[in-house]
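S.K.: Numbering-wise (numbering that gives the first Met the number 0), the sequence shown opens with residue 0 and increments by one.
I am attaching a structure below and will ask some questions about it afterwards.
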Amino acid sequence: MTRILSGYAIVLLAAGLAIGQEQYGNLRGIVVDKEGAPLPGVTITLQSELYAPRSVASSEGGHFRLINVSPGVYSLKCELPGFKPCLQKNLDIRVGTNFDLRIVMETATLHEEITVKAESPVVDTKKTSVGANVTQVMLQDVPSARDPWVILQQTGGIQVAQENVGGSTAGTQSIFVSRGTTYQSATWNMDGITITDQAALASPIYYDYDSFDEIQIVTGGQDASIQTAGVSLNFITRRGGNRFHGMTRVFFTNYDLQGDNRTEEIKAIPYVGDRINQIMDYGFQLGGPVFKDRLWFWLGFGVQDTRRLTIAGYPQDYKLYNFNGKLNAQLSSRNRAELAFYVPLKYAYGRGASATVPPESTTDQKPKNTYYVKFEDEHIFSPDFLLSLKASYLFNGFEWNPEGGLDKQPGYDQVTGMYSGTYTYALTKRPNFNMKLDGNYFREQLLGGSHEFRFGLEYRYNEALEFWYDPGDVWKYYRNGKPYAASVEREQRVFGGEDRFSLFLTDSYTRGRLTLNLGLRVDREKSWGKDSQVQASRSAPDLLPALAFPALDPGIAPVTFSPRIGLTFDLTGDGKTMLRANLARYGSQMSTAFAGLLNPAQAAYALYFWKDLNGDDRVTTNELTGYPLAGILQFGGFDPRNPGALETPNAIDKNIKMPLTDEALLGIEREMFPDFALGASLMLRRNHRFWWTRYYDKTTDGKITQADYIGPITGTLTYGGTTYPYEYWTLGKYRPAGQIRENRPDYHENYSSIEVTAVKRLSHRWMLNASFTYQVHNVHYGKNGYDDPTNIKILDGGRYTLGGSDWMAKLGFLYQLPWGFSFSGFANARQGYIFPERLLVTTPERAKVGLGATMYVWTAKPGEKLYRDFYNADLSLAKKFSLKNYGSVIFLADAFNVFNYSHELQRFSQVNSPRYNQIEKILNPRVIRFGLRYAF
């Protein structure tokens, strides 16, 4: 006899966003009789058609825990002599979630089994963080351009610089900001282990979108397992199970499936508009058992072939090839292991092309042995104690070859903003190794409640070999096509590294309606340089000779302590209305380039006025005014008085510390009806203790300060009938050769936001994710947060210049229609980004002291001049055909930018230019994409 007792099971869904980046979910609970007395010794078995069963016994207090459970749909069976067996069905365990069950068992009278349907409220009883778990439904059924940066754009509180319309920017990384932090404070993780590129502080690779099972995104309220305040992404990749399953897909669009959204202004330039030529996205995923309940495999392959045109009609082709695989083994009832690999290959042609960058000034990119491997072993010592060891190695290598060749010299027109000639050659190799030990220990009835202790140790080692040079070791500068200045350079060949040792401890204490999360994180980071050799400058070997520099260790290893305190309180006692609060301090991540400031083999240059005496448009030193020393307008990376010195003129403060972010977060969430919740949150952040570099004289240990600057030097420029006043400062003496890096006093950034959310989990045929964010992010220099007063009066108190939208709204939805049809969409709107209007001012007084012959001066406080407000919508219609025992086929038709908006994304912002305010990039026009997906 089976009865459905949905009222007996209250499933409290607590997202793993509150407990850091994971790749599993957890199941906890208590077993009681009808009078509420705990039942010890109950055999509890977790079963799935994909994975081997797991069993535990309830404790003296009736509690049980099944932790680090692979995502999937499970049933839970509870058995105890003298009681009716109880079966919980449809437990949908996702990444980072915790099911907290209260299971009631009845005394046996007849041989019967009680079946309970699990009900999982959408309100999370334990999370103190802000973010999203992006499930398969959102990844596959909501229209997107199928890369992680688009998923970031669909997440509340994140502003992404690029607008990817149906794949129009696929193969490129977009910068983004979130809740007062930038993309450089983001951490990238795969299956719970960090893979961030510490040279670029960005994603190290590009991904096969269909290899993702889920994506976990945290944007605030991070616990102590996460280092920074930036966005934390965790890609959970697929794995095999006890039945064979897989999928294959193909998506296609081309030039003829687009609209034309060019305005009369664009046609008059004339521009063709930003457009897609053709996109092909295809691949497969396949997994299953090698030995049932013991060994499983997963294999995947994907290709994303994107061909597009910039607004000026310049071609760009990007091809991404991804191979991935995974082996999972159940070595014993208490031990399991995982071995995974990922081979991402990127080929790019016309990289960097834009309205101002013609094909000859772009580069072609190819990979250099890029691959990733990861091993994990997990051992359950008891139901209350688990240890997990992860290790990974990622080698990221690539090469840039300029399309203009290596025999030309690159150029830039300071008035028109146009590039010419050729561009930079680069060869980069960036290996990193990571090892991480995580532990989980549970203790009942301590200090009146239960405690879940989590702890972790992590060691990360990163290196970067950076070899860069501009062809001819020259860069030419023009003014309206006429030679103006030129820099002679020396190649950069810097081999450096960075490592980090981290430990954290958290205690999640639960007593009644209250959950208190206490945590502490400690990070020790260090950077160094390896021996480097650079050849003499190809253009000025007497000024910039060859160097062979030995390895260096600055002896600097800052330690950062990051406390975290969070709590949740069940206001109504039924798990439907939760009050949340979080206080945290976050550190920052160190780049492999940190110690590079002390390496004389870094990039070096000297700038001069240039007269093209023979009219061949090539720089030679006899055409440089005052070469080699008297005419230097600006320089960097070397000491002109001692250019061959192996001792750097630069320094790093021995007491330097990592930048910090302090955070306070308060929120409330209410389940309005099953599977639907409304929430609101208030966040305050303060970024401070930044780094800066100041001019520095190593011989005297003296620094250039505000007192050394004289001014203001004022003037006006009239352009387009408007007169613009400007002012700048200069030094009273020639600048010293060196620079020193240290913590910046007084300068800080304040961030505050209010966000409201509406979440409807997929049930009864529909799903909804909506958010509205209002935010303010201002910069403050304070009394001592600057040396050069130029621009400070305008910038101080203004908006942070990257992004800068004060408000944004996002809406994603899915509705399942009859007969296998489904309709979905995503819409977003935001305030226009900051328009950085500036003047290019000639500064002869600064040129005389080595500060440069020109500089940009802002005309308005950031935030006062904006692009127009942005809004866009994407829609998708899908039809599913069931093939019964042979799987299913889905046909998709996706429409991106359905209203064919032509939003301007970039204009030339230099006022004193004939190209001022000229459009350089617009939103791609409406495009239709067709797709076919087969799954079994």
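C-beta: ideal position from N, C-alpha, C; glycine also.
Helix or strand or just coil, what does DSSP make of Arg845?
M.R.: On the sequence shown, position 846 is the one that residue 845 refers to. If DSSP states are grouped into helix, strand and coil, Arg845 belongs with the helices.
S.K.: Between Tyr371 and Gln815, what straight-line distance do the alpha-carbon atoms span, to the nearest angstrom?
M.R.: For the purposes of this step, residue 371 is identified with residue 372 of the sequence shown, where counting begins at 1. For the purposes of this step, residue 815 is identified with residue 816 of the sequence shown, where counting begins at 1. If I take the Cα positions, the gap works out to 38 Å.
S.K.: Rounded to the nearest angstrom, what separates Thr96 and Ala144 at their Cα positions?
M.R.: Stepping through the sequence shown from its first residue, residue 96 is reached at position 97. Stepping through the sequence shown from its first residue, residue 144 is reached at position 145. C-alpha separation (whole angstroms): 27 Å.
S.K.: Here's the rule I'm using: 16 or more other beta-carbon atoms within 10 Å means buried, otherwise exposed. How should Trp399 be labelled?
M.R.: To locate residue 399, count along the sequence shown from 1; it is residue 400. Label assigned to Trp399: buried.
S.K.: Quick one: what's got a C-beta closer than 6 Å to Leu344's C-beta in the same chain, skipping five residues either side?
M.R.: Position 345 of the sequence shown, counted from the first residue, corresponds to residue 344. Here the set comprises Tyr320, Pro366.
S.K.: Whole angstroms are fine: how far does the CA of Leu26 sit from the CA of Gln532?
M.R.: Position 533 of the sequence shown holds residue 532. Position 27 of the sequence shown holds residue 26. Answer to the nearest angstrom: the Cα atoms are 56 Å apart.
S.K.: Taking 8 Å as the limit between beta carbons, can you name the residues of its chain near Gly6, skipping five residues before and five after?
M.R.: For the purposes of this step, residue 6 is taken as residue 7 along the sequence shown, with counting starting at 1. At Gly6 the pLDDT is 33, less than 50, meaning the model places this residue with poor confidence; the figure from the coordinates comes in the next sentence. Answer for Gly6: no residue qualifies.
S.K.: Three Cβ pairs or more, each shorter than 8 Å: is that satisfied between the region 221 to 234 and the region 269 to 283?
M.R.: Not touching, per the Cβ criterion.
S.K.: With a threshold of 8 Å, are at least 3 pairs of Cβ atoms found where one atom belongs to the region 628 to 640 and the other to the region 591 to 608?
M.R.: Yes, the region 628 to 640 touches the region 591 to 608.
S.K.: Counting Cβ pairs, one atom from each stretch, are 3 or more of them under 8 Å apart for the region 305 to 320 and the region 341 to 359?
M.R.: Cβ pair count under 8 Å is three or more, so yes.
S.K.: Just verifying my parser: in three-state terms, what is the DSSP assignment at Asn621?
M.R.: Counting from one through the sequence shown, the residue named residue 621 turns up at place 622. Helix.
S.K.: Which residue's Cα is closest to the Cα of Ala826: Thr42, Ile793, Leu810?
M.R.: For the purposes of this step, residue 826 is taken as residue 827 along the sequence shown, with counting starting at 1. Ranking the options by Cα distance to Ala826, first place goes to Leu810.
S.K.: Could you check if Gly930 is buried or exposed, using at least 16 other CB atoms within 10 Å of its CB as the buried criterion?
M.R.: The count along the sequence shown starts at 1 and reaches residue 930 at position 931. Buried: at least 16 other Cβ atoms inside 10 Å.
S.K.: Under 8 Å between the Cβ atoms of Asp953 and Val72?
M.R.: Absent from the model: residue 953. The displayed extent of the chain is 0 to 935, so no value can be given.
S.K.: Determine the contact status of Gln277 and Ala169, defining contact as a CB-CB distance below 8 Å.
M.R.: Along the sequence shown, read from residue 1 onward, the residue named residue 277 stands at position 278. Along the sequence shown, read from residue 1 onward, the residue named residue 169 stands at position 170. Their beta carbons are not under 8 Å apart, which means Gln277 does not touch Ala169 by this criterion.
S.K.: At what residues does the beta strand (DSSP E) containing Glu375 begin and finish?
M.R.: Position 376 of the sequence shown, counted from the start, is the residue given in the question as residue 375. Residues 370 to 381.
S.K.: Using 8 Å as the cut-off, can you tell me whether the region 415 to 425 makes contact with the region 462 to 471, which would need three or more C-beta pairs spanning the two stretches below that distance?
M.R.: Yes, the region 415 to 425 is in contact with the region 462 to 471.
S.K.: Can you list, in chain order, the residues of its chain whose CB lies under 7 Å from that of Thr858, leaving out five sequence neighbours each side?
M.R.: Walking along the sequence shown from the start, residue 858 turns up at place 859. Excluding residues within five positions, the ones whose Cβ falls inside 7 Å are Tyr723, Glu836, Arg837, Leu838, Val910.
S.K.: Between the region 284 to 293 and the region 255 to 264, do three or more beta carbon pairs fall short of 8 Å?
M.R.: Contact fails: fewer than three Cβ-Cβ distances are below 8 Å.
S.K.: Taking only runs of the beta strand (DSSP E) that begin and end inside the region 410 to 496, which ones reach a length of at least 3 residues, in chain order?
M.R.: As far as the region 410 to 496 is concerned, its whole beta strand (DSSP E) runs of at least 3 residues are 410 to 412, 424 to 445, 448 to 468, 473 to 478, 481 to 489.
S.K.: Taking the C-alpha atoms as reference points, what is the distance between His763 and Gly824?
M.R.: Sequence index remark: in the sequence shown, residue 763 carries index 764 (1-based). Sequence index remark: in the sequence shown, residue 824 carries index 825 (1-based). Distance between the alpha carbons of His763 and Gly824: 18 Å.
S.K.: Closer than 6 Å by C-beta to Ser449: which residues in its own chain qualify, once you throw out the five before and the five after it? Chain order, please.
M.R.: Numbered from its first residue, the sequence shown carries residue 449 at position 450. Taken in chain order, the residues that qualify are Glu443, Thr509.
S.K.: So who's on the other strand from Met589, going by DSSP bridges?
M.R.: Translated into positions along the sequence shown, residue 589 becomes position 590. Note: Met589 sits in no beta bridge, so no partner.
S.K.: Could you give the residue range of the alpha helix (DSSP H) that holds Pro147?
M.R.: Here residue 147 refers to the residue found at position 148 when the sequence shown is read from its first residue. Unbroken alpha helix (DSSP H) run through Pro147: 147 to 152.
S.K.: When you compare only the Cα positions, how much space is there between Ala547 and Phe432?
M.R.: Here residue 547 refers to the residue found at position 548 when the sequence shown is read from its first residue. Here residue 432 refers to the residue found at position 433 when the sequence shown is read from its first residue. Cα to Cα, Ala547 sits roughly 28 Å from Phe432.
S.K.: Would Gly166 be called buried (16 or more neighbouring beta carbons within 10 Å of its own) or exposed?
M.R.: Taking the first residue of the sequence shown as position 1, residue 166 is located at position 167. Classification for Gly166: buried.
S.K.: Figure out for me which residue from Ser360, Lys76, Gln153, Val30 has the closest Cα to the Cα of Phe771.
M.R.: For the purposes of this step, residue 771 is taken as the residue at position 772 of the sequence shown. Checking every option, the nearest Cα to that of Phe771 belongs to Gln153.
S.K.: Compute the distance between the beta-carbons of Lys860 and Gly797, then report whether it is under 8 Å.
M.R.: Here residue 860 is taken as the residue at index 861 of the sequence shown, counted from 1. Here residue 797 is taken as the residue at index 798 of the sequence shown, counted from 1. Yes.
S.K.: Tell whether a beta-carbon distance below 8 Å holds between Thr247 and Arg579.
M.R.: As a working mapping, residue 247 is identified with position 248 in the sequence shown. As a working mapping, residue 579 is identified with position 580 in the sequence shown. No.
S.K.: My guess is that Gln215 and Val94 are in contact by the Cβ rule of under 8 Å, so how many angstroms apart are they, rounded?
M.R.: As a first step, residue 215 must be located in the sequence shown, where it is residue number 216. As a first step, residue 94 must be located in the sequence shown, where it is residue number 95. 5 Å between Cβ atoms; contact.
S.K.: Taking Pro599 as the reference, give the member of Asn641, Asn581, Arg617 with the closest Cα.
M.R.: Stepping through the sequence shown from its first residue, residue 599 is reached at position 600. Of the listed residues, the one whose Cα sits closest to Pro599 is Asn641.
S.K.: Rounded to the nearest angstrom, how far is the Cβ of Leu730 from that of Val840, given a contact under 8 Å?
M.R.: Here residue 730 refers to the residue found at position 731 of the sequence shown. Here residue 840 refers to the residue found at position 841 of the sequence shown. Incorrect: roughly 16 Å between the Cβ atoms, too far for contact.
S.K.: Distance check for Lys83 and Gly511, CA to CA, integer angstroms please.
M.R.: For the purposes of this step, residue 511 is taken as the residue at position 512 of the sequence shown. For the purposes of this step, residue 83 is taken as the residue at position 84 of the sequence shown. Cα to Cα, the separation comes out at about 28 Å.
S.K.: Along the chain, which unbroken stretches of the beta strand (DSSP E) at least 3 residues long are found entirely within the region 35 to 74?
M.R.: Counting whole runs of 3 or more residues, the region 35 to 74 contains the beta strand (DSSP E) stretches 42 to 46, 53 to 56, 62 to 68.
S.K.: Just mark Leu11 as buried or exposed, buried being the case when its beta carbon has 16 or more other beta carbons within 10 Å.
M.R.: Mapped onto the sequence shown, residue 11 falls at position 12. Residue confidence is low: Leu11 scores 29 on pLDDT, short of 50, so the model does not pin down where it sits. No coordinate-derived value is stated.
S.K.: Given that a residue counts as buried once 16 or more other Cβ atoms are within 10 Å of its Cβ, and exposed if not, what is Gln705?
M.R.: Translated into the one-based positions of the sequence shown, residue 705 becomes position 706. Flag for Gln705 reads exposed.
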